[in-house]
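Residue numbers (UniProt numbering): 1 to 228. Virtual Cβ for every residue (Gly too), placed ideally from N, Cα, C.
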């Protein structure tokens, strides 16, 4: 068994990883900017222990898009999140009126809780602008710059970024680019292990994979039954 498959994950980590997955994929489907994705993820990291997963994810995306002044309605957020959530659980299911109302209520409650905590004038640093500005001041080959940008887009999925200001985030990105950020590498290992498994989105417990039965075992069983 691969080493990643042996990684143990706590319920808290699973909830966080589910949030990262749903927010990242929602932002992609909603065609939102990386800066919006960064803000939504930071909100997730800050309130993961206080707010339920579904309400927090939808509220974080909605609030982040408002802060970036991107056109993204509550209805669109709910529809996309429902698609991703139901597809992860089993298969994509349509959004019923009853479920839509429940998701909207959960989103509004979570949004209210976040605003009460952070205030209506919350602000975030322009981490992408600062990072691109830094890259323009250093003499790196084009392929390395492309790698740095891709890595930065992955780095924002690391919960520790909530503790980093813009300059520290640039430092973390460069360290990771040259393989000197062990904490980030440990996160990637755990998140990779999470991606290979499936978890209940309510209990955060792993759902055992259904193993395929070897056809030779089936044939042997049939032969034994015939001899009887």
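Quick one, are the C-beta atoms of residue 170 and residue 42 less than 8 Å apart?
no
Tell me which residues share the same chain as residue 6 and place their Cβ nearer than 7 Å to its Cβ, disregarding the 5 neighbours each side in the sequence.
Same-chain partners within the cutoff: there are none.
Using the beta-carbon count (16 or more within 10 Å), is residue 159 buried or exposed?
When all chains shown are included, residue 159 counts as buried.
Other residues of its chain near residue 213: CB distance less than 6 Å, five sequence neighbours each side excluded
Residue confidence is low: residue 213 scores 48 on pLDDT, short of 50, so the model does not pin down where it sits. Its coordinate-derived value is still stated next. Taken in chain order, the list of residues that qualify is empty.
Should the segment 45-54 be called in touch with the segment 89-97, which here means at least 3 C-beta pairs below 8 Å?
no
CB contact flag (residue 64, residue 111, <8 Å):
no
Whose C-beta lies closer than 7 Å to the C-beta of residue 19 among residues of the same chain, with five residues either side of it excluded?
Within the same chain, residue 19 has close Cβ partners 44, 48, 53, 56 and 57.
Reduced DSSP category for residue 206 - H, G, I as helix; E, B as strand; rest coil
strand
At least three beta-carbon pairs within less than 8 Å, the segment 93-112 to the segment 23-30
Under the 8 Å Cβ criterion, the segment 93-112 does not count as touching the segment 23-30, having fewer than three qualifying pairs.
Based on Cα-Cα distance, which residue from 188, 96 and 67 lies nearest to residue 38?
67
By Cβ distance, which residues of its chain are closer than 6 Å to residue 77, with the 5 residues on each side in sequence left out?
58, 61 and 62
Comparing C-alpha positions only, which one of 94, 146, 165 and 184 sits nearest to residue 123?
165
Quick one: what does DSSP say residue 120 is sitting in, helix, strand or coil?
DSSP places residue 120 in the coil class of the three-state scheme, outside both helix and strand.
Leaving aside the five residues before and after residue 190 along the sequence, list all residues of the same chain whose C-beta is less than 7 Å from its C-beta, in chain order.
7, 9 and 13
Less than 6 Å between C-beta atoms, sequence neighbours within five positions excluded: which residues of the same chain meet that for residue 148?
177
Which of helix, strand or coil DSSP assigns to residue 199:
Strand.
For residue 107, which of helix, strand or coil comes out of DSSP?
helix
Closer than 7 Å by C-beta to residue 83: which residues in its own chain qualify, once you throw out the five before and the five after it? Chain order, please.
92
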